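Contents: one structure, followed by commentary.
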Amino acid sequence: MRTALLCLAACALAGCSTTPQAPAPEQQVRDYFAANDAAARAGARAQQDFFTRTQHPDYADRTCELDGLTVQLEPAMSTLRPDPGYQPDSTGPPRGDVRVVGVEVTVRRDGTIIGRQIGSQHLVLLDGRVHGFAPCPTGDAS
């Protein structure tokens, strides 16, 4: 017991923490894209659930049906940067730490590629989670 207390005291003096630290923003973003692609591999319903679960809470009512599509997102992590001026609509910027990254988007229907595009993806780190803005392949938000 005394040894454990001494170790904790030494750690406190050295400035280390016994509470787990959140991963760096870059790792959180990588994890988001890995989870997205895993959901896409599992099918359109799994990906729809992923987009609903990770939608920014301020925009939870602005999601779209994927209509059977899956969306693979391949980020160019070297382009990840803050974008505090981003506003998805006229209501102002979303809460949180807004980041933007270049992505290659591959859209599939029933496993067949029906489109590819290079673009930007905005993500927001908020309350220890990465949130996005669900894509609308048909252009119609529900």
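Read left to right, the sequence shown gives residues -22 to -1, 1 to 120 (mature numbering (1 follows the signal peptide of the UniProt record, and there is no 0)). A virtual CB, placed ideally from N, CA and C, is assigned to each residue, including glycine. In this text the structure is predicted, and so the values were computed from the model without any measurement.
#1: Nearest CA to the CA of P60: which residue from F111, H100, D9?
#2: Q25 and L44: beta carbons closer than 9 Å?
#3: Should A12 be labelled buried (16 or more other beta-carbon atoms within 10 Å of its own) or exposed?
#4: For L58, which of G70, G97, F28, G89 has the nearest alpha-carbon?
#5: Can you give, in chain order, each stretch of the beta strand (DSSP E) that sits fully within the stretch 37 to 82 and has at least 3 residues?
#6: Exposed or buried, G89, counting other C-beta atoms within 10 Å across all chains shown (16 or more means buried)?
#7: Would you kindly report the start and end of the unbroken alpha helix (DSSP H) that includes Q5?
#8: In angstroms, rounded to a whole number, what distance separates the CA positions of residue 131 and G80?
According to the data block:
#1: As a position in the sequence shown, residue 60 is number 82, starting the count at 1. The option with the nearest alpha carbon to P60 is H100.
#2: Within the sequence shown, residue 25 is the residue found at index 47, counting from 1. Within the sequence shown, residue 44 is the residue found at index 66, counting from 1. Taking 9 Å as the Cβ cut-off, Q25 and L44 qualify as a contacting pair.
#3: Within the sequence shown, numbered from 1, the residue matching residue 12 stands at position 34. In the assembly as shown, A12 is an exposed residue. Its beta-carbon has fewer than 16 other beta-carbons within 10 Å.
#4: If you number the sequence shown from 1, residue 58 lands on position 80. Considering only alpha carbons, the answer is G97.
#5: The qualifying runs are 47 to 60.
#6: If you number the sequence shown from 1, residue 89 lands on position 111. So G89 counts as exposed.
#7: Taking the first residue of the sequence shown as 1, we reach residue 5 at position 27. Here the alpha helix (DSSP H) through Q5 covers 3 to 20.
#8: Here the chain covers residues -22 to 120 and nothing more, so residue 131 does not appear.
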